[in-house]
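Chemist: Take this structure, written in structure tokens, and hold onto it; I'll ask about it next.
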Amino acid sequence: MYDTERLLADIRRTHGPLSKRGADYSQAWDTFNRYVSEAIAKRQTVSVGSFCKIGWRLEESLQGRARMRPHFQLADAFVRAYRLDIKALPAAHERALSQIEEFSPSKAALRYSQNLTKENVFMGLRAIVAAIGEACASGQQVCIDFEVGRLSCSERAVRFDFLAEMYAQEGLEAPAEAPRDADYRPSRTFAPASPEAMSTLNLSGKNDGFSAPLKAHAASLGGWTESLGPEFMSQLLGTVPEGSVASPHAASVTSSARSGKLRVHADAHDRHVARVCSDAEQVVAEQESWEAGIEQLNEKHRQELQQRKDAAKDLQETLKAQMRDVEQQRAEGRQRLIDMASTHDFPNFTENIEKPIYDDFKEKSKLIKEGLDQQVEHKRQAKLAAKLQERETDASHAEASRKEIAIMRLESALKKEVHRAALTEAWEHEKRLNTIKRAIEDFHRTPNAKGRLVDLVDAAISGAPSSAGSTIRKASELQAPRSMAPMDGPSVATPRLQHSSAAGGSAA
46 MYDTERLLAD IRRTHGPLSK RGADYSQAWD TFNRYVSEAI AKRQTVSVGS
96 FCKIGWRLEE SLQGRARMRP HFQLADAFVR AYRLDIKALP AAHERALSQI
146 EEFSPSKAAL RYSQNLTKEN VFMGLRAIVA AIGEACASGQ QVCIDFEVGR
196 LSCSERAVRF DFLAEMYAQE GLEAPAEAPR DADYRPSRTF APASPEAMST
246 LNLSGKNDGF SAPLKAHAAS LGGWTESLGP EFMSQLLGTV PEGSVASPHA
296 ASVTSSARSG KLRVHADAHD RHVARVCSDA EQVVAEQESW EAGIEQLNEK
346 HRQELQQRKD AAKDLQETLK AQMRDVEQQR AEGRQRLIDM ASTHDFPNFT
396 ENIEKPIYDD FKEKSKLIKE GLDQQVEHKR QAKLAAKLQE RETDASHAEA
446 SRKEIAIMRL ESALKKEVHR AALTEAWEHE KRLNTIKRAI EDFHRTPNAK
496 GRLVDLVDAA ISGAPSSAGS TIRKASELQA PRSMAPMDGP SVATPRLQHS
546 SAAGGSAA
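Per my numbering, the sequence shown runs over residues 46 to 553.
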């Protein structure tokens with residue numbers, strides 16, 4: 046069976062050490078389990094984004110009161126990546142879970158480990174989760190111990206069994222598969238000591254320069270506290286307590302104590318500087334290890350991408366070769382069918398039909414063809430005649446339109462001339478009348494004006510024929526031939542010409 050020890054050993058063999066400071070993947074797994082155990086003790090649910098959710102699920106009892114049940118649920122991304130069967134792990138909505146806390150590598154490193162950093166916790170947990178997924182996907186028997194239960198997998202079917210005591214705490218009946226006890230308890234080795242245990246831890250000793258004993262007691266928060274008696278303090282300060290006699294070596298002891306104190310301070314300072322330098326070197330080494338790990342992961346990712354590209358290219362070439370083979374087989378099949386169809390000469394109608402019948406058939410076909418050719422020729426001649434007639438009709442209409450436009454232009458010019466002649470005649474008449482008026486007004490002023498006045502009146506009465514009348518007569522003479530001229534087609538300009546003639550007569 047593939048258990049936790051084999052899992053961690055495979056990770057060490059595959060990825061190497063977790064850090065150069067001696068951190069191990071088992072410590073990262075212990076830190077994760079301590080984190081989960083404390084969250085479950087607080088009735089919380091821990092969510093590890095790419096792995097699982099482990100904690101409590103709220104449900105209603107028959108009495109209508111809400112109670113909590115242990116709950117474990119794998120992440121969807123984890124299930125899809127390794128194609129696992131999770132029928133034994135019922136999913137629950139986030140609203141049905143208790144308070145969810147996202148797993149924090151920083152918090153885990155600070156509170157639940159002694160020498161791990163957040164990078165160590167993150168890298169270690171990621172490697173462990175990936176190894177669990179690969180082990181489950183392989184189909185073998187897997188059993189991974191948690192502090193609160195056990196994760197098992199067989200033939201890709203995953204289940205998680207919580208400890209029976211967790212069901213008992215909530216008053217629930219434990220399933221038959223629930224383990225009664227677990228040997229894996231990392232929280233016990235990391236829990237703070239009790240006050241009774243701390244009271245029994247002490248240290249006592251003597252110094253060559255001091256006759257008084259020295260005592261140290263363990264502190265509750267770590268470290269120790271010194272218990273110095275009055276004799277030791279008096280020797281350290283160079284004083285003598287009441288009721289005691291100073292020793293002859295008191296002065297030398299006091300000076301040696303002071304020099305020893307300075308040496309102690311110097312040694313402590315040197316140790317502190319050395320510890321700081323060591324911590325700085327460790328931090329630098331961890332940073333280099335982190336960068337090297339990231340670079341290794343990037344290189345591995347690049348190699349995987351290149352492998353995928355090569356595989357895709359090989360697949361493409363294979364598909365192309367298969368397509369060429371299929372096309373070649375199809376062409377060969379078509380050629381084979383053609384060859385098979387060409388191997389016999391049946392049916393051969395030229396040999397089976399008698400020659401007279403065949404000649405008669407050819408003659409009838411020839412007659413039918415000639416008839417069809419004649420019909421086609423008749424249709425072509427009819428179309429050509431219709432087209433010629435249509436062209437002649439269009440030409441006659443165009444000629445008539447041109448004549449009509451010319452006559453309309455001539456009429457317009459004649460009308461303008463008649464109007465101009467009428468205006469000229471009216472002007473001349475008005476001019477003669479004005480001359481007669483002036484002659485009448487100047488009659489009594491001018492000598493021999495009587496004969497001139499008579500001449501002007503006679504000229505006004507018997508004036509020469511007007512040019513307007515001659516112009517109107519010319520227009521009527523031009524209209525007469527037009528009204529008598531025959532037309533090939535219907536003329537729409539005759540009423541307009543008659544109206545123009547009537548207008549000219551009225552003007553005359």
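For each residue, glycine too, the CB sits at the ideal point set by N, CA and C.
By the DSSP assignment, the alpha helix (DSSP H) with residue 131 in it spans what residues?
Modeler: Locating residue 131 in the sequence shown gives position 86, counting from the first residue. Element bounds for residue 131: n/a, residue is neither H nor E.
Chemist: Here's the rule: buried if 16 or more other CB atoms are within 10 angstroms of the residue's CB, otherwise exposed. What is residue 116?
Modeler: As a first step, residue 116 must be located in the sequence shown, where it is residue number 71. Classification for residue 116: buried.
Chemist: Assuming residue 95 contacts residue 174 under a Cβ cut-off of 8 Å, what Cβ separation, rounded to an integer in Å, is found between them?
Modeler: Residue 95 sits at position 50 when you count from the first residue of the sequence shown. Residue 174 sits at position 129 when you count from the first residue of the sequence shown. Their Cβ separation, rounded to whole angstroms, is 7 Å, which keeps residue 95 and residue 174 in contact under 8 Å.
Chemist: Does the region 125–134 come within contact of the region 207–219, defined as at least 3 CB pairs closer than 8 Å?
Modeler: Because the criterion of three Cβ pairs below 8 Å is not met, the region 125–134 and the region 207–219 do not touch.
Chemist: Distance check for residue 442 and residue 534, CA to CA, integer angstroms please.
Modeler: Locating residue 534 in the sequence shown gives position 489, counting from the first residue. Locating residue 442 in the sequence shown gives position 397, counting from the first residue. With a pLDDT of 43 at residue 534, under the threshold of 50, the modelled position of that residue is not reliable, and no figure is offered here.
Chemist: Would you check if there are 3 or more beta carbon pairs closer than 8 Å linking the region 77–97 to the region 136–152?
Modeler: Judged by Cβ distances under 8 Å, the region 77–97 makes contact with the region 136–152, as three or more pairs qualify.
Chemist: Starting from residue 119, trace the beta strand (DSSP E) in both directions and tell me its first and last residue.
Modeler: Here the question's residue 119 lines up with position 74 in the sequence shown. Where residue 119 is concerned, the enclosing beta strand (DSSP E) stretches over 111–119.
Chemist: How many angstroms separate the CA atom of residue 135 from the CA atom of residue 118?
Modeler: Indexing the sequence shown from 1 puts residue 135 at position 90. Indexing the sequence shown from 1 puts residue 118 at position 73. Roughly 7 Å between the two C-alpha positions.
Chemist: What number of angstroms, rounded off, separates the C-alpha of residue 425 from the C-alpha of residue 448?
Modeler: Numbered from its first residue, the sequence shown carries residue 425 at position 380. Numbered from its first residue, the sequence shown carries residue 448 at position 403. Answer to the nearest angstrom: the Cα atoms are 35 Å apart.
Chemist: Determine the closest residue to residue 72 out of 210, 469, 54, 85, with distance taken between C-alpha atoms.
Modeler: Within the sequence shown, numbered from 1, the residue matching residue 72 stands at position 27. Ranking 210, 469, 54, 85 by Cα distance to residue 72 puts 54 first.
Chemist: Run through DSSP, which three-state label would residue 98 get?
Modeler: On the sequence shown, position 53 is the one that residue 98 refers to. Strand, per DSSP.
Chemist: I'd like to know whether the C-beta atoms of residue 182 and residue 80 end up nearer to each other than 8 Å.
Modeler: For the purposes of this step, residue 182 is identified with residue 137 of the sequence shown, where counting begins at 1. For the purposes of this step, residue 80 is identified with residue 35 of the sequence shown, where counting begins at 1. Their beta carbons are not under 8 Å apart, which means residue 182 does not touch residue 80 by this criterion.
Chemist: Return the CA-CA distance between residue 165 and residue 371, expressed in angstroms with no decimal places.
Modeler: In the sequence shown, the residue the question calls residue 165 occupies position 120. In the sequence shown, the residue the question calls residue 371 occupies position 326. Approximately 56 Å, taken between the alpha carbons.
Chemist: The alpha helix (DSSP H) with residue 67 in it runs from where to where?
Modeler: In the sequence shown, residue 67 corresponds to position 22, counting from 1. From DSSP, residue 67 is part of no alpha helix (DSSP H); its letter is neither H nor E.
Chemist: Taking the alpha-carbon positions, what's the residue 208 to residue 50 distance?
Modeler: The count along the sequence shown starts at 1 and reaches residue 208 at position 163. The count along the sequence shown starts at 1 and reaches residue 50 at position 5. Each residue's alpha carbon lies about 20 Å from the other.
Chemist: Can the beta-carbon of residue 65 be found less than 8 Å from the beta-carbon of residue 334?
Modeler: The residue you call residue 65 lines up with position 20 of the sequence shown. The residue you call residue 334 lines up with position 289 of the sequence shown. Contact flag set, yes.
Chemist: Taking 8 Å as the CB-CB cut-off, is residue 190 touching chain D?
Modeler: This model lacks chain D altogether; it includes just one protein chain.
Chemist: Taking 8 Å as the threshold, find out whether the region 223–230 comes into contact with the region 193–206 through three or more Cβ pairs.
Modeler: Contact between the region 223–230 and the region 193–206 is present, because at least three Cβ pairs lie under 8 Å.
Chemist: Suppose you measure from the CA of residue 199 to the CA of residue 230; what does that come to, to the nearest Å?
Modeler: Numbered from its first residue, the sequence shown carries residue 199 at position 154. Numbered from its first residue, the sequence shown carries residue 230 at position 185. Straight-line Cα distance between these residues: approximately 25 Å.
Chemist: To which residues of the same chain is residue 120 closer than 8 Å at the C-beta, ignoring the five residues directly before and after it?
Modeler: Along the sequence shown, read from residue 1 onward, the residue named residue 120 stands at position 75. So the qualifying residues of the chain are 93, 94, 95, 96, 97, 98.
Chemist: Helix, strand or coil, according to DSSP, for residue 194 in the structure here?
Modeler: Counting from one through the sequence shown, the residue named residue 194 turns up at place 149. Residue 194: strand per DSSP, three-state reduction.
Chemist: Find the nearest neighbour of residue 74 within the set 479, 167, 361, judged by alpha-carbon distance.
Modeler: In the sequence shown, the residue the question calls residue 74 occupies position 29. Nearest of 479, 167, 361 to residue 74, Cα basis: 167.
Chemist: Out of 376, 68, 405, which has the shortest C-alpha to C-alpha gap to residue 161?
Modeler: As a working mapping, residue 161 is identified with position 116 in the sequence shown. The shortest Cα separation from residue 161 among 376, 68, 405 belongs to 68.
Chemist: Of the choices 185, 210, 90, whose alpha-carbon is the least far from that of residue 138?
Modeler: The residue you call residue 138 lines up with position 93 of the sequence shown. For the residues 185, 210, 90, the minimum Cα distance to residue 138 belongs to 90.
Chemist: Can you tell me whether DSSP reads residue 90 as helix, strand or coil?
Modeler: Walking along the sequence shown from the start, residue 90 turns up at place 45. If DSSP states are grouped into helix, strand and coil, residue 90 belongs with the strands.
Chemist: DSSP three-state label for residue 56, please.
Modeler: Position 11 of the sequence shown, counted from the start, is the residue given in the question as residue 56. Helix.
Chemist: With 16 as the cutoff for other CB atoms within 10 Å, does residue 337 come out buried or exposed?
Modeler: On the sequence shown, position 292 is the one that residue 337 refers to. It is exposed - the Cβ of residue 337 has fewer than 16 other Cβ atoms within 10 Å.
Chemist: Whole angstroms is fine: what's the gap from residue 313's alpha carbon to residue 185's?
Modeler: Numbered from its first residue, the sequence shown carries residue 313 at position 268. Numbered from its first residue, the sequence shown carries residue 185 at position 140. Rounded to whole angstroms, residue 313 to residue 185 spans 56 Å at the Cα level.
Chemist: On the DSSP letters alone, give me the boundaries of the alpha helix (DSSP H) that residue 205 sits inside.
Modeler: For the purposes of this step, residue 205 is identified with residue 160 of the sequence shown, where counting begins at 1. Taken as a continuous stretch (DSSP letters only), residue 205 belongs to no alpha helix (DSSP H), being part of the beta strand (DSSP E) at 202–207.
Chemist: Taking Cβ to Cβ, would you say residue 60 is nearer than 8 Å to residue 172?
Modeler: Taking the first residue of the sequence shown as position 1, residue 60 is located at position 15. Taking the first residue of the sequence shown as position 1, residue 172 is located at position 127. Yes; because the gap between Cβ atoms is below 8 Å, this pair is in contact.
Chemist: Classify residue 102: buried if its beta carbon has 16 or more other beta carbons within 10 angstroms, exposed otherwise.
Modeler: The residue labelled residue 102 in the question sits at position 57 within the sequence shown. The residue is buried, with at least 16 neighbouring Cβ atoms inside 10 Å.
Chemist: By DSSP, does residue 229 sit in helix, in strand, or in coil?
Modeler: Sequence index remark: in the sequence shown, residue 229 carries index 184 (1-based). Here residue 229 sits in coil by DSSP.
Chemist: Taking just the CA atoms, how far does residue 471 sit from residue 482?
Modeler: Within the sequence shown, residue 482 is the residue found at index 437, counting from 1. Within the sequence shown, residue 471 is the residue found at index 426, counting from 1. The alpha-carbon atoms of residue 482 and residue 471 are separated by roughly 16 Å.
Chemist: Under a three-way DSSP split, which group does residue 215 fall into?
Modeler: The residue given as residue 215 occupies position 170 in the sequence shown. DSSP places residue 215 in coil when its eight states are reduced to three.
Chemist: Give me the Cα-Cα distance between residue 353 and residue 133, rounded to the nearest whole angstrom.
Modeler: Position 308 of the sequence shown, counted from the first residue, corresponds to residue 353. Position 88 of the sequence shown, counted from the first residue, corresponds to residue 133. Taking the straight line joining both Cα atoms gives about 34 Å.
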